[in-house]
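A short write-up of the structure that comes next.
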Amino acid sequence: MIVTVSSGLSYVTSPVHPVYSATKAGVHMFTDALRIQLKKSRKNIHVMELVPPLVAETNLLSDMQSGGIPSMSLETLVKHGIQGMEHNKKRIVPGFSKFLRFAGKYFPDALSNAMARG
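Residues 2 to 119 (my numbering) are what the sequence shown spells out, left to right.
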């Protein structure tokens with residue numbers, strides 16, 4: 002099994018953290034491509050992407066706390082990740098990351114503008 006760690010910010014443009022957001026979007030795209038390549042090669046390697054929201058025990062919290070973005074504890078994130086591995090999920094998108102994924106698909110400009118004001 003290969004596990005990559007992306008971020009909920011991979012789904013939206015973050016004017017506060019543009020480089021972080023862009024690199025995590027790259028990890029997300031790479032993971033999808035790797036999964037397809039390995040499937041076509043008939044290798045028995047499962048590729049899973051963990052897409053965490055803001056995690057309370059990271060240094061990003063102090064920068065983003067004023068925006069009111071919900072965070073998740075590291076312990077909860079690890080539990081989601083292990084459950085996903087046990088069930089061979091291809092993507093684990095817990096907590097606020099689910100909203101970011103939805104928002105990135107259906108109203109990306111509005112969310113990016115709101116993040117710029119926050």
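Ideal Cβ placement from N, Cα and C applies to all residues, glycine included. Computed from a predicted model, the values in this text were never measured in an experiment.
A direct Cα-Cα distance of roughly 20 angstroms separates H29 from Q84. Contact between P109 and T24 does not hold, since their C-beta atoms are separated by about 18 angstroms, which reaches or exceeds 8 angstroms.
Relative to P54, the option among G105, K99, K106, Y21 whose CA is nearest is K99. Comparing alpha carbon positions, the residue from K106, L101, Y107 closest to S7 is L101. By the neighbour-count definition (other C-beta atoms within 10 Å, threshold 16), M73 is a buried residue.
Bounds of the alpha helix (DSSP H) holding T24 are 19-41.
By the criterion of a C-beta distance shorter than 7 angstroms, R36 is surrounded in its chain by V48, K91, once the five residues flanking it on both sides are discounted.
Taking all protein chains shown into account, P16 has fewer than 16 neighbouring C-beta atoms within 10 Å of its C-beta and is therefore exposed. CA-to-CA, the gap between K106 and I70 works out to about 19 angstroms.
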